[in-house]
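Residue numbering for the sequence shown follows numbering that gives the first Met the number 0, starting at 0 and increasing by one per position. Where a beta carbon is used, it is the ideal one built from N, C-alpha and C, also for glycine. Notes for the one structure printed next.
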Amino acid sequence: MDAIQLALNVNLKRTIPSSQRFFFKQQELSEATYPLFISYLAWLRKIKATPNQFDVMYQNEQKNREFRFLCKRNLLFFLTVTGQFNVIEKLFKTPSFTTKFCHLITLIKKEHYKRRQKKKLTLKRNISTQSKEPQSGSET
């Protein structure tokens, strides 16, 4: 063993494993390979309050999506964000707006109730038609 010495500053040839041998390929840790492990690590980071760069990006994207959704759907939110307080004041000072607003809310509630009733009726019809059909396994 004394006769064996390592030569310093010698470039070693890189060995390339056969592409047919799949177990030599090193897979990177990604959500596609280990989704439960990745979600567990994200949960731990959330508990310890040490967000990752990707966690921060995801949170920012989520906040932006919520902000855009509120701006599209909520008129008062949009007007307050854009600073159009004079328009808000005009809307609430006119009595016709408040009555139309209340009427619109009641119409929306009625429409929502009608849709729920239609869904219940179709569900009941589907259940009743399924129970009336003879089962194919009971025939002799």
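Residue i in three-state terms, based on DSSP
i, result
"Y112", "helix"
"P50", "coil"
"T121", "helix"
"Q203", "Because the chain here runs from 0 to 139, residue 203 falls outside it and cannot be looked at."
"Y39", "helix"
Distance between beta carbons of residue j and residue i, contact taken as under 8 angstroms
i, j, result
"L90", "F96", "5 angstroms"
Own chain residues within Cβ distance below 7 angstroms of residue i, not counting five before or after
i, result
"R44", "P50, N51 and D54"
Among the options, the one whose alpha carbon lies nearest that of residue i
i, options, result
"F66", "M56, V80 and Y57", "V80"
C-beta contact flag for residue i and residue j at 7 angstroms
i, j, result
"L74", "I87", "no"
Sequence-distant residues of its chain with Cβ nearer than 8 angstroms to residue i (five each side left out)
i, result
"A41", "N51 and D54"
"Q58", "P50"
Neighbourhood of residue i by C-beta distance below 6 angstroms, restricted to the same chain and skipping five residues each side
i, result
"R64", "none"
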